[in-house]
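Peer 1: Questions regarding the structure given below will be posed in turn.
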Amino acid sequence: MALAVRTSRVLRGIAAASSAVLASFGIALSVTSPARAAPTDVQFFLPTYGVTAAPPYMLSSAVGGWVIAQTDPEKPGMTRFVSDDANYCFCSIQWRNLSTGEAGITQVAPRSTLNRGYVPTGPGVLVASVGIPGSPSFTLLPGAGVWTVP
């Protein structure tokens, strides 16, 4: 009989300790804040370079640079196309969502315009080609990029 009493005391102690551990674990889970993914910048793997000409005397200038596709998990299905402010690329982007078939054309925004330029590209894998728009402008090296939109 003494063995049964001692065993039940041990089992009650283990049960009490385990319930205390589970309760504290539950409190810890309810207090922690959810993790958020940071926005992602994907620099296109080819830069864009071209020449633009302006009337009246058809003065030409070289333009171009790197384009970055920015995505943010808090803005699903949206992409923002930016370039470095110092080397702003007056570029036109033709993009296609390979997952949904959506396509579009948009302009690159300077990086300093933080809340401007998001385009509804839809979630999935996207590809884009970049060129210099206008007439009599022409693209010497078209840019290109691939990225994933959450």
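All you need for this note's numbering is the position in the sequence shown, starting with 1, plus 3. Built from N, CA and C at the ideal position, the CB exists for glycine as well. From a predicted model like this one, the values you see are computed outputs, not experimental measurements.
Opposite G135 in the DSSP bridges: which residues?
Peer 2: Gly is not the amino acid found at residue 135; the sequence shown has Ile there. DSSP output for I135 lists no bridge partner at all.
Peer 1: Please list the terminal residues of the continuous beta strand (DSSP E) segment that includes P123.
Peer 2: From DSSP, the beta strand (DSSP E) with P123 extends over Y121 to P123.
Peer 1: Count the other CB atoms within 10 Å of the CB of G146; is the residue buried (16 or more) or exposed (fewer)?
Peer 2: So G146 counts as buried.
Peer 1: In angstroms, rounded to a whole number, what distance separates the CA positions of W98 and Y121?
Peer 2: Their backbone Cα atoms lie some 13 angstroms apart in a straight line.
Peer 1: Residues in the same chain with beta-carbon distance under 8 angstroms from P79, minus the five sequence neighbours each way, listed in chain order, please.
Peer 2: Contacts found: P126, V152 and P153.
Peer 1: Do L129 and T55 count as a contact pair if the criterion is CB distance below 8 angstroms?
Peer 2: Cβ distance not < 8 angstroms, so T55 and L129 don't count as in contact.
Peer 1: Suppose the cutoff is 7 angstroms on Cβ atoms and the five residues either side in sequence are ignored; what does the same chain contact list for P136 look like?
Peer 2: Once the five neighbours on either side are set aside, the close Cβ partners of P136 are S95.
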